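Here the structure comes first, spelled out in C-alpha cells, and everything after it is commentary.
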Amino acid sequence: MTLPTDGAEAVAAVFRAEFGRAVSVLYRYLGDLDRAEDAVQDAFAVAVARWPVDGVPAAPSGWIITTARRRAIDRLRREAVGRSKEAEATELLVLAASLETASGAVEDERLRLIFTCCHPALGPEARVALTLRLLGGLSTAEIARAFLVPESTLAQRISRAKAKIRQARIPYRVPSSDDLPARLASVLAVVYLIFNEGYTASAGDRLVREELCAEAIRLARLVVGLLPEEPEAAGLLALLLLIDARRPARLDASGAMIALPDQDRSAWDTALISEGHAIVRGCLLLGRPGPYQLQAAIQAVHDDAALATDTDWRQIVTLYDQLLRVQPSPVIALNRAVAVAEAEGPSAGLAAVEPLRDSLAEFYLLHGVRAGLLVRAGREVEAAEEYDAALRLCGNESEREFLARRRGLLPEG
Amino acid sequence: MSQYLLSVYQPDGPIPEPEALAAIGEDLDRLNDEMRAAGAWVFSNGLLPPASATVLRPDGDEVLVTDGPFAEGKEHLGGFTIVDVPDLDAALAWGKRLAVATTLPIEVRPFA
C-alpha cells in the first residue's frame, strides 16, 4: 500500500485499511469487543497527534496494533486500581500481564471477526451494523446516517449485539467445515445487504451511501482473500464489481434513476467490468456454481453489450434457469420473465409473469414489470392500472419518479 | 465450559398420538445418551401439562397461592435440557438435534 506522506491523510488511509485488523487482533488478546474497540480508537487518537509531527511509521499497521496493546494494558491497570474486589483486580492485572508478554507476531484474525459479527444468532440488522463498525471502522453516526435511523438506535443495536456475543459466548473462530457453507452464506448476505443499501440510492446522504458500496466491495475482497477456495465469495465480489461499474450512468443530474437500456454505456467503469469478468470466468471454471456466481454471470452478459440492443438475452434466460434451480424464488422468476420478454417478445414475457401474480401481488416490481410489458403489447389501459398499482406499493423515491414518468406517457384511463 | 438451557416450546392443545409420542421418546433417549457420552449432559426432563402448575406470588408479608400456569399463551414450556459445552455453537448444535428429536422449537439461553 502506498501511503500519503501527509500525517493526517496517512492516519485516515491506515484507519480504513487497518481498523478491522487491529480490532480483530486485540479481541483475540482481550476477549472483549468493547475493550478491543476502545484500545484501537485510543491508538488512532495517538496516531492523529503524533504522525503529523513524527512522520508516518515504517510499518503503520504494526504500530497501531502495538500502540493499541499498550493502551489496553494501561486501561486494564487503571481499572484494576479502581476495583474494590481483589479477585476482579487480579484478573485484570493478569490479563494486562499476558498482553505484555504476548509475542509481536500477529496473525490476521479478521476472518474470525467476520464470522462472529455475522453469526446467525444475531439479528440481521445487528450483523450489518457490527460488521460495518468493527471491520469497516465506520462510526455509529455514519452507519446511522446510511441506514436512516437515529444514532442512539444504532448505538443501542451495536451494544446489544456485543452484549449477546459476550453473554451467549458466540465463539471467535472460523466455523468447522460442516458449518462453513451455511455460515459463509450469512457473511456474504451481510456484505450484499451493505452493498444494496448503498446502491439503492433512495434518500439520505449520497456520499455515505457510496461509502457503503465501497465498504461492501472492500469486505468482499477481504473474504475472497481469506477464503480463496470458496467460489461463492468470488462470485459475490464479481457481482458487486459488475453492478458498481454502472453507477456513473445510473442516475441523471437530478438524481432520478435511469433504466439499464437507457444508460450511457460509455460512462460505465471498464476497469471494474474487466475485473468482474475475469473473476466470473475463474470461479465458473471451478464447476461449483451458486447463486452469487450465476447472478454475476448475468451481470457480465449485460456489461458485455456495448449497446442495449446487443444484449444476449437468450444467454441471460439460460442463466436465470440455472439460478432458479439453485435458488427457487418468485423474484428471480420475475427477472427471468423480463429476460424472456426481451428474447421472445412481450407476450412470452407476460405469459412467464402470469404464474407469479399471486405470490408477488404486494411487490411493486411485479406490477412495474407487467405495466412495461403491457405497454409493449399495446394494452395501454391495463398498463395504466398496473403502473398505478406499482406506485401504490413502491416506497423508493427515485423508483417512484421513474414509474410516475412512465405512467404519465399513457393516456388517462 | 458454560451451561445453556435448551427449552422445548410446545403448542397448547392435544398432544400427538401414542405411537408418534413413543417414537419421539426413543429419539430423545438416544440423544440424551449421546449427550452423556460427549460429557455435555447436565439435566433433561419433560414437564407435565401446564394445568398441573401452581403459582406463588409474594404479597406484602404473605405469599399467595393460586392455580397456575403463570403465563397463558399459545405455547408453554414442555420440558428442558441443560448442557455444559464450550460455547454457543456447541449449544446450538445440541439444540438443533433436540429440535429434530422433539419436532418442536427450542430456545437456547446461556446461564449466568
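So the sequences go chain by chain: A and B. My numbering applies: residue 39 is where the first sequence begins, and numbers increase by one. My numbering applies: residue 4 is where the second sequence begins, and numbers increase by one. Glycine residues also receive a C-beta, built at the ideal position from the N, C-alpha and C atoms. Because the structure is a prediction, the values reported are computed rather than measured.
Residue i - DSSP class collapsed to helix/strand/coil
i        : result
A:Asn434 : coil
A:Tyr237 : helix
A:Leu274 : helix
A:Leu289 : strand
A:Arg90  : What sits at residue 90 of chain A in the sequence shown is Pro, not Arg. Note: A:Pro90 maps to helix in three-state DSSP.
A:Pro329 : helix
A:Pro213 : coil
A:Cys156 : coil
A:Phe53  : helix
A:Leu448 : coil
A:Trp306 : coil
A:Lys200 : helix
A:Arg109 : helix
A:Ile255 : helix
A:Gly320 : helix
A:Ala96  : coil
B:Met4   : coil
A:Glu138 : helix
A:Ile16  : An answer regarding residue 16 of chain A cannot be provided, because it is not within the stretch 39 to 451 covered by chain A.
A:Gly58  : helix
A:Gln301 : coil
A:Glu418 : helix
A:Val187 : coil
A:Leu176 : coil
A:Gly263 : helix
A:Glu439 : helix
B:Pro19  : coil
A:Leu429 : helix
A:Gly120 : helix
A:Asp70  : coil
A:Ala283 : coil
A:Glu129 : helix
A:Ala48  : helix
Near the ligand FMN: residue i beta-carbon under 7 Å from a heavy atom
i        : result
A:Asp302 : The model depicted lacks the ligand FMN and carries no ligand whatsoever.
DSSP beta-bridge partners of residue i
i        : result
A:Ser312 : DSSP lists no partner for A:Ser312.
B:Leu9   : B:Thr84, B:Val111
A:Met295 : A:Leu289
B:Pro14  : B:Glu78
Rounded Cβ spacing between residue i and residue j (contact assumed at less than 8 Å)
i        : j        : result
A:Leu68  : A:Ala110 : 6 Å
A:Ala201 : A:Ala164 : So it is not a contact: roughly 11 Å between Cβ atoms.
A:Ala193 : A:Thr178 : 5 Å
A:Ala276 : A:Val212 : Between A:Val212 and A:Ala276 the Cβ distance is about 23 Å, and since that is not below 8 Å, they are no contact.
A:Leu350 : A:Leu280 : According to the sequence provided, residue 350 of chain A is Asp. The question's Leu does not apply to it. Wrong, their Cβ atoms sit about 15 Å apart, outside the cutoff.
B:Gly63  : B:Val11  : Between B:Val11 and B:Gly63 the Cβ distance is about 36 Å, and since that is not below 8 Å, they are no contact.
A:Leu133 : A:Arg121 : So it is not a contact: roughly 12 Å between Cβ atoms.
B:Thr105 : B:Leu31  : 7 Å
B:Leu91  : A:Ile152 : Not really, about 16 Å apart at Cβ, beyond 8 Å.
Residue from the options whose Cα sits closest to the Cα of residue i
i        : options                                : result
B:Ser55  : B:Pro72, B:Asp15, B:Ile109             : B:Pro72
A:Ala159 : B:Ala94, B:Thr106, B:Val68             : B:Ala94
A:Arg148 : A:Leu173, A:Val166, A:Arg444, A:His157 : A:Leu173
B:Leu8   : B:Ala25, B:Leu34, B:Ser47, B:Pro17     : B:Ser47
A:Glu75  : A:Val84, A:Ile354, A:Ala87, A:Ser62    : A:Ser62
A:Arg195 : A:Leu176, A:Pro219, A:Leu222, A:Gly161 : A:Gly161
A:Glu418 : A:Thr105, A:Pro266, A:Leu448, A:Phe185 : A:Leu448
A:Glu249 : A:Arg59, A:Val378, A:Ile181            : A:Ile181
A:Arg326 : A:Thr238, A:Val364, A:Gly45, A:Pro286  : A:Val364
A:Gly236 : A:Leu222, A:Ala252, A:Ala223, A:Arg221 : A:Ala252
B:Leu76  : B:Gln13, B:Pro61, B:Asp90, B:Thr57     : As written in the sequence, residue 76 of chain B is Gly, which differs from the Leu given in the question. The option with the nearest alpha carbon to B:Gly76 is B:Gln13.
A:Leu441 : A:Ala294, A:Ile232, A:Leu324           : A:Ala294
A:Leu222 : A:Asn234, A:Pro188, A:Val187, A:Ala258 : A:Ala258
B:Gly98  : B:Gly28, B:Ala43, B:Pro52              : B:Ala43
A:Pro329 : A:Asp359, A:Arg66, A:Ala309            : A:Asp359
A:Leu274 : A:Arg288, A:Arg285, A:Ser224, A:Ala55  : A:Ser224
B:Gly16  : B:Leu50, B:Arg33, B:Ser5, B:Glu78      : B:Glu78
A:Ile354 : A:Ala343, A:Ala377, A:Asp348, A:Val369 : A:Ala377
A:Thr104 : A:Trp89, A:Ala81, A:Leu412, A:Leu310   : A:Ala81
A:Leu388 : A:Gly406, A:Phe401, A:Glu400           : A:Gly406
A:Ala305 : A:Gly314, A:Arg113, A:Leu357, A:Leu289 : A:Leu289
A:Gly314 : A:Val339, A:Thr238, A:Arg395           : A:Val339
**Item:** Contiguous alpha helix (DSSP H) assignments of at least 4 residues, all confined to the segment 28-115 of chain B
**Value:** 91-105
**Request:** Entirely within the segment 335-409 of chain A and at least 4 residues each: give me those alpha helix (DSSP H) ranges in chain order.
**Result:** 351-364, 368-382, 384-391
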